[in-house]
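**Student:**
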Amino acid sequence: MTIAETRATHWQDEVRRLARERDAVILAHNYQEPAIQDVADHVGDSLALSRIAAGTDAGTIVFCGVHFMAETAKLLSPDKTVLIPTAQAGCSLADTIDADQLRAWKAQHPGAAVVAYVNTSAAVKAEADVCCTSSNAVEVVNSIPRDQPVLFLPDQFLGEHVRRQTGRDNIEVWMGECHVHAGISPVDLRAQVAANPTAEVLVHPECGCASSTIWLAGRGDLPAERTHILSTAGMLESARGMKAETALVATEIGMLHQLRKVNQHTTFVPVNPKASCRFMKMITPELLVRCLREGRDEIQLPSEITERARRSVQRMVAIGKAPTA
Ligand code: 13P
Ligand code: SF4
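As numbered in the working numbering, residues 23 to 347 make up the sequence shown, in order.
(1) Need the endpoints of the alpha helix (DSSP H) that Glu-199 sits in, please.
(2) Kindly indicate the opening and closing residues of the beta strand (DSSP E) around His-183.
(3) Can you tell which of Phe-301, Ile-321 and Ala-261 has the C-alpha that lies nearest to the C-alpha of Gln-286?
(4) Using the Cβ count rule (16 or more neighbours within 10 Å means buried), how would you classify Pro-324?
(5) Sort Ile-106, Trp-237 and Ser-334 by Cα distance to Glu-149 and report the nearest one.
(6) In three-state DSSP terms, what is Thr-306?
(7) Between which residues of its own chain and Asp-151 is the CB-CB distance below 6 angstroms, once the five residues before and five after are set aside?
(8) Who are the Cβ neighbours of Leu-125 in its own chain at under 7 angstroms, not counting the five residues just before and after it?
(9) With distances taken from CA atoms, which of Val-284, Pro-132 and Cys-231 is nearest Ala-272?
(10) When the Cα of Arg-190 is compared with those of Val-160, Gly-112 and Asp-117, which residue comes out closest?
(11) Less than 8 angstroms separating the beta-carbons of Phe-179 and Cys-113?
(12) Quick one: does the C-beta of His-250 sit closer than 7 angstroms to a heavy atom of the ligand 13P?
(13) Which residues in the same chain have their Cβ closer than 7 angstroms to the Cβ of Ala-340, if we skip the five residues on either side of it in sequence?
(14) By alpha-carbon positions, which one of Gly-263, His-89, Trp-33 and Arg-29 ends up nearest to Leu-49?
(15) Identify the continuous beta strand (DSSP E) that holds Phe-290 and give its terminal residues.
(16) In angstroms, rounded to a whole number, what distance separates the CA positions of Lys-296 and Glu-247?
(17) May I ask you to check if the CB of Cys-313 is nearer than 7 angstroms to at least one heavy atom of the ligand SF4?
(18) Are the beta-carbon atoms belonging to Val-84 and Val-61 less than 8 angstroms from one another?
(19) Would you list the residues sitting across from Tyr-139 in a DSSP beta bridge?
(20) Grab me the residues of Pro-171's own chain with a C-beta within less than 8 angstroms of its C-beta, minus the 5 sequence neighbours each way, in chain order.
(21) At a cut-off of 7 angstroms, is Ser-165 close to the ligand 13P when judged by its beta-carbon and the heavy atoms of the ligand?
Here is the structure:
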């Protein structure tokens, strides 16, 4: 064993020991650093982790992800202690809309159902009717009567995907975006497809290239049968049985760790290797140890929004079945 490996083992042992001492379950999002994913009890997408948070017996939930994910866990398990290794881990997409902006938007569209992606603050969730993630956005919108207008927020690319998949023309979409996914462009995708002409193509619906992916596949510029718009859980699912030599992956690069774990035969190539979320990467081994030792940072939610925000998240969790994560 090298010195680095010995250090890593000691660090992981310490995390596991502290977690036992605190009766804590450690959840890690698919975009976390590999070291964090490997030490966690569960790794998954936001929907799968929300479901685990709602059902866990552990007294403490340690959420290695970004702030809105830990808030969602707290909404679903209000009696548990929910910790995040640093409360600074925000989300540029969640920051594109606040509760005042949503109230003003709703006032312009009375009678519309409000569907909020989980990548929003608890205050915004409190103003929504139901939440969704990229795994179940289409199902959630399909659960709303077809003649009722929908306000979908805050991601414009996911909103466009939902419009296409549901075939509804009564969906208004908030023009927010995630800086990481918006930065995965059609130009990047075309260049990678040209360099890897037989590859499978896996694209997260938040990506800047998601709409043009469909358009290019429709025109025959991309291989339609090998092009898939998928949530992170959907990517893992498709990687499990994949026989292709190469797969191009358009999402945050942390995802590659799980894909490579479930399929060692296929070579997974990031469409944009610089697509790294600096908020996700704020969770470091040192901060995880600090979190378990000192019980920080604890998620606290203002009581006036908690009930309404919880209703929106619970409605989402009740729709559809849990994906494999
Ligand atoms: P998932 O819903 O696929 O976990 O994605 C969350 C996210 O932050 C996407 O950038
Ligand atoms: Fe937010 Fe984008 Fe980071 Fe996901 S990848 S947490 S949407 S900033």
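Using N, Cα and C, we set each Cβ at its ideal position, and we do this for glycine too.
**Tutor:** The short version:
(1) In the sequence shown, the residue the question calls residue 199 occupies position 177. Looking at the DSSP string, Glu-199 is not in any alpha helix (DSSP H), and its letter there is neither H nor E.
(2) What you label residue 183 is simply residue 161 of the sequence shown in a count that begins at 1. Where His-183 is concerned, there is no enclosing beta strand (DSSP E), although the alpha helix (DSSP H) it sits in stretches over 178–188.
(3) Position 264 of the sequence shown holds residue 286. Gln-286 has its Cα closest to that of Ala-261, out of Phe-301, Ile-321 and Ala-261.
(4) Residue mapping note: residue 324 aligns to position 302 of the sequence shown, counting from 1. The residue in question, Pro-324, is exposed, as its Cβ has fewer than 16 Cβ neighbours within 10 Å.
(5) Counting from one through the sequence shown, the residue named residue 149 turns up at place 127. If we check each option's Cα against that of Glu-149, Ser-334 comes out closest.
(6) Taking the first residue of the sequence shown as position 1, residue 306 is located at position 284. DSSP places Thr-306 in coil when its eight states are reduced to three.
(7) Within the sequence shown, residue 151 is the residue found at index 129, counting from 1. Contacts found: Ala-135 and Val-136.
(8) As a first step, residue 125 is located in the sequence shown; it is residue number 103 there, counting from the start. Note that residue 125 is Arg in the sequence shown, not Leu. Once the five neighbours on either side are set aside, the close Cβ partners of Arg-125 are Glu-149.
(9) Sequence index remark: in the sequence shown, residue 272 carries index 250 (1-based). Among Val-284, Pro-132 and Cys-231, the Cα nearest to that of Ala-272 belongs to Cys-231.
(10) Position 168 of the sequence shown, counted from the first residue, corresponds to residue 190. Looking at the Cα atoms, Val-160 is the closest of the given residues.
(11) Position 157 of the sequence shown, counting from 1, holds the residue named residue 179. Position 91 of the sequence shown, counting from 1, holds the residue named residue 113. No, these two residues do not count as a Cβ contact at 8 angstroms.
(12) Against the sequence shown, residue 250 aligns to sequence position 228. Every heavy atom of the ligand 13P is 7 angstroms or more from the Cβ of His-250, so no.
(13) On the sequence shown, position 318 is the one that residue 340 refers to. Closer than 7 angstroms at the Cβ level, and outside the excluded window around Ala-340, lies no residue.
(14) Here residue 49 refers to the residue found at position 27 of the sequence shown. The shortest C-alpha separation from Leu-49 is found at His-89.
(15) Residue mapping note: residue 290 aligns to position 268 of the sequence shown, counting from 1. Where Phe-290 is concerned, the enclosing beta strand (DSSP E) stretches over 289–292.
(16) The count along the sequence shown starts at 1 and reaches residue 296 at position 274. The count along the sequence shown starts at 1 and reaches residue 247 at position 225. If you take the alpha carbons of Lys-296 and Glu-247, they lie about 27 angstroms apart.
(17) In the sequence shown, residue 313 corresponds to position 291, counting from 1. No, the Cβ of Cys-313 stays beyond 7 angstroms of every heavy atom of the ligand SF4.
(18) As a first step, residue 84 is located in the sequence shown; it is residue number 62 there, counting from the start. As a first step, residue 61 is located in the sequence shown; it is residue number 39 there, counting from the start. No, Cβ-Cβ distance for Val-84 and Val-61 is not below 8 angstroms.
(19) Start at 1 with the first residue of the sequence shown, and residue 139 comes out as number 117. DSSP, once it has assigned bridges, lists Cys-154 as partnering Tyr-139.
(20) Indexing the sequence shown from 1 puts residue 171 at position 149. The answer, listed in chain order, is His-131, Gly-133, Ala-134, Ala-135, Asn-192, Ile-193 and Glu-194.
(21) In the sequence shown, residue 165 corresponds to position 143, counting from 1. Not under cutoff, so the answer is no.
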